[in-house]
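Engineer:
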Amino acid sequence: MKEIKAGMVYIIGAGPGDPELLTVRGMHILQQADTVIYADSLIDTQILSYCRASTHIVTSSDHHLDEIIAVMVQAVQQNHVVARLHSGDPAVYGAIAEQMRALANYHIPFEIIPGVSSVFAAASTLKKELTIPGKSQTLILTRVEGRASELPQGASLSHLARFPATLAIFLSAALAGKVTRELLDAGFKESDPLVVAYKVTWPDEKIIWSTVKTLSEDLRHHRIHRHALILAGPAIEEYAQDIRSRLYDPAFSHLFRQPQEDKRGTTT
Numbered sequence: 007m008k009e010i011k012a013g014m015v016y017i018i019g020a021g022p023g024d025p026e027l028l029t030v031r032g033m034h035i036l037q038q039a040d041t042v043i044y045a046d047s048l049i050d051t052q053i054l055s056y057c058r059a060s061t062h063i064v065t066s067s068d069h070h071l072d073e074i075i076a077v078m079v080q081a082v083q084q085n086h087v088v089a090r091l092h093s094g095d096p097a098v099y100g101a102i103a104e105q106m107r108a109l110a111n112y113h114i115p116f117e118i119i120p121g122v123s124s125v126f127a128a129a130s131t132l133k134k135e136l137t138i139p140g141k142s143q144t145l146i147l148t149r150v151e152g153r154a155s156e157l158p159q160g161a162s163l164s165h166l167a168r169f170p171a172t173l174a175i176f177l178s179a180a181l182a183g184k185v186t187r188e189l190l191d192a193g194f195k196e197s198d199p200l201v202v203a204y205k206v207t208w209p210d211e212k213i214i215w216s217t218v219k220t221l222s223e224d225l226r227h228h229r230i231h232r233h234a235l236i237l238a239g240p241a242i243e244e245y246a247q248d249i250r251s252r253l254y255d256p257a258f259s260h261l262f263r264q265p266q267e268d269k270r271g272t273t274t
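One gets the numbering used here by counting positions in the sequence shown from 1 and adding 6 to each.
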């Protein structure tokens, strides 16, 4: 097992919700952590069951960046093992860049532990492959522009949705009307299916099948405005069973397998 060091900050992806979807590395760090700062508005408190009773727990929803950094700095100065828990994978909408810059300014060592993103947890729950041969070989993780985050030029949903790709639309449930408008601008039809994955892997998980037209209505009906991921694109639709990749086709050869021959001696 890789060493867990005192006087260090570990930025950990807590996964989508289910504490068992935390990585083993993340679990080991929580078991040894002296101080834990966690995104309490996004993470199931059950994950704290891995911590010791003596662990100092700090919530982040009621603290701004400078206060969170101050907690980390003080804990490191006390030679603590410090765990900073983020939902999903911290590299995706985790707001960790400014934390890493601050830690670097204080010369505090840190390590990032990846986590299971809600997009992959949703695909698992839906029993869907997000990359369908001949339909979608691209996965786009994006969001619509909101009050807290400005999009760069050319990165609007209406632009990205023009590509034959699977769309994973984060942080946009409260802006469902905008999602619908931008998908329609991109060429989607009102009847095209969408999936809303709400609190996927949590005990109160909901999977809602919707359409481009009815998205806002469906979210209002289920009273969902956060904790939700919207999936769109060809991969979420049902396709005929004969769609398959060439990788496992008997007639397809590669470095580790030659094409098979049938009983007549011809290659299949």
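All C-beta atoms in this analysis are idealised placements derived from N, C-alpha and C, irrespective of residue type, glycine included.
#1: Using a 10 Å radius around the Cβ and a threshold of 16 neighbouring Cβ atoms, would you call I242 buried or exposed?
#2: Could you tell me which residues DSSP puts in a beta bridge with K212?
#3: DSSP beta-bridge partners for A129?
#4: Quick one, are the C-beta atoms of F67 and D46 less than 7 Å apart?
#5: Out of curiosity, what's the CA-to-CA distance linking P25 and S93?
#6: Leaving aside the five residues before and after L136 along the sequence, list all residues of the same chain whose C-beta is less than 6 Å from its C-beta, in chain order.
#7: What's the C-alpha gap between Q105 and V150?
#8: Using only alpha-carbon positions, find the residue among R31, P158, T207 and H228 that is nearest to S123.
#9: Considering R107, what are the terminal residues of the alpha helix (DSSP H) in which it resides?
#10: State the Cα-Cα distance for the pair P120 and K11, rounded to the nearest angstrom.
#11: Give the single residue among G13, I102, L132 and A203 whose Cα lies nearest to the Cα of Q84.
#12: What is the residue span of the alpha helix (DSSP H) that L181 lies within?
#13: Do L157 and T186 have their C-beta atoms within less than 7 Å of each other?
#14: Just mark M7 as buried or exposed, buried being the case when its beta carbon has 16 or more other beta carbons within 10 Å.
#15: How would you write the range of the beta strand (DSSP E) that I118 sits in, first residue to last?
#16: Residues in the same chain with beta-carbon distance under 8 Å from S162, minus the five sequence neighbours each way, listed in chain order, please.
#17: Could you give the DSSP three-state label for A238: helix, strand or coil?
#18: So, with DSSP's three-state summary, where would you put I48?
#19: Can you tell which of I74, E223, R90 and P96 has its C-alpha closest to the C-alpha of Q38?
#20: DSSP three-state call for A12: helix, strand or coil?
#21: Extract the residue ranges of the alpha helix (DSSP H) inside the region 144-169, only unbroken runs of 4 or more that lie entirely within it.
#22: Give the single residue among I35, G32, R107 and E211 whose Cα lies nearest to the Cα of D72.
#23: Could you give the distance in angstroms between the alpha-carbon of S216 and the alpha-carbon of P96?
#24: By Cβ distance below 6 Å, which residues in the same chain neighbour V64 in space, the five residues on each side in sequence not counted?
#25: Going straight from the alpha carbon of A101 to that of I35, what length do you get?
#26: If you count every other CB in all the chains shown that lies within 10 Å of the CB of H86, and 16 or more means buried, which is it?
#27: Tell me whether the beta-carbon of A174 lies closer than 7 Å to the beta-carbon of V98.
#28: What beta strand (DSSP E) runs, 3 residues minimum, are completely inside the region 17-82?
#29: Determine the DSSP secondary structure at R226, reduced to helix, strand or coil.
Structural biologist: If we stick to the structure as given:
#1: For the purposes of this step, residue 242 is taken as the residue at position 236 of the sequence shown. So I242 counts as buried.
#2: In the sequence shown, residue 212 corresponds to position 206, counting from 1. Its beta-bridge partners are Y204.
#3: Start at 1 with the first residue of the sequence shown, and residue 129 comes out as number 123. Beta-bridge pairing links A129 to no other residue.
#4: What you label residue 67 is simply residue 61 of the sequence shown in a count that begins at 1. What you label residue 46 is simply residue 40 of the sequence shown in a count that begins at 1. For clarity, residue 67 is Ser in the given sequence; the question names Phe instead. Yes, Cβ-Cβ distance for S67 and D46 is below 7 Å.
#5: Stepping through the sequence shown from its first residue, residue 25 is reached at position 19. Stepping through the sequence shown from its first residue, residue 93 is reached at position 87. Cα to Cα, P25 sits roughly 11 Å from S93.
#6: Walking along the sequence shown from the start, residue 136 turns up at place 130. Contacts found: A129, L145, T172 and A241.
#7: On the sequence shown, residue 105 is found 99 positions in, with the first residue counted as 1. On the sequence shown, residue 150 is found 144 positions in, with the first residue counted as 1. Computed Cα separation, rounded: 24 Å.
#8: Looking up residue 123 in the sequence shown gives position 117. The candidate whose alpha carbon is nearest that of S123 is T207.
#9: If you number the sequence shown from 1, residue 107 lands on position 101. A103 to N111 is the span of the alpha helix (DSSP H), which, as asked, contains R107.
#10: The residue given as residue 120 occupies position 114 in the sequence shown. The residue given as residue 11 occupies position 5 in the sequence shown. Computed Cα separation, rounded: 18 Å.
#11: As a working mapping, residue 84 is identified with position 78 in the sequence shown. Taking only the C-alpha atoms, the option nearest Q84 is G13.
#12: Position 175 of the sequence shown, counted from the first residue, corresponds to residue 181. Careful: L181 lies outside any alpha helix (DSSP H) and carries neither H nor E.
#13: In the sequence shown, the residue the question calls residue 157 occupies position 151. In the sequence shown, the residue the question calls residue 186 occupies position 180. Contact: no.
#14: If you number the sequence shown from 1, residue 7 lands on position 1. When all chains shown are included, M7 counts as exposed.
#15: Counting from 1 along the sequence shown, the entry for residue 118 is found at position 112. F116 to I119 is the extent of the beta strand (DSSP E) around I118.
#16: By one-based count along the sequence shown, residue 162 stands at place 156. Around S162: V150, E151 and E188.
#17: For this step, residue 238 is matched to residue 232 along the sequence shown. In the structure shown, A238 sits in a strand (DSSP, three-state: E or B).
#18: For the purposes of this step, residue 48 is identified with residue 42 of the sequence shown, where counting begins at 1. Going by the sequence as given, residue 48 is Leu instead of Ile. Note: L48 maps to coil in three-state DSSP.
#19: Here residue 38 refers to the residue found at position 32 when the sequence shown is read from its first residue. When only C-alpha atoms are compared, the closest one is R90.
#20: As a position in the sequence shown, residue 12 is number 6, starting the count at 1. Three-state DSSP puts A12 in coil, outside helix and strand.
#21: 163-166
#22: The count along the sequence shown starts at 1 and reaches residue 72 at position 66. Checked all of I35, G32, R107 and E211; the closest Cα to D72 is R107.
#23: Against the sequence shown, residue 216 aligns to sequence position 210. Against the sequence shown, residue 96 aligns to sequence position 90. Spanning the two alpha carbons is a distance of roughly 28 Å.
#24: Translated into positions along the sequence shown, residue 64 becomes position 58. Counting only Cβ-Cβ distances below 6 Å, and skipping sequence neighbours, we find I43 and V77.
#25: As a working mapping, residue 101 is identified with position 95 in the sequence shown. As a working mapping, residue 35 is identified with position 29 in the sequence shown. Roughly 21 Å separates the two Cα atoms.
#26: Start at 1 with the first residue of the sequence shown, and residue 86 comes out as number 80. Result: buried.
#27: Reading the sequence shown from its first residue, position 168 is the one you call residue 174. Reading the sequence shown from its first residue, position 92 is the one you call residue 98. The answer is no: Cβ separation not under 7 Å.
#28: 41-44 and 62-65
#29: The residue you call residue 226 lines up with position 220 of the sequence shown. Here R226 sits in helix by DSSP.
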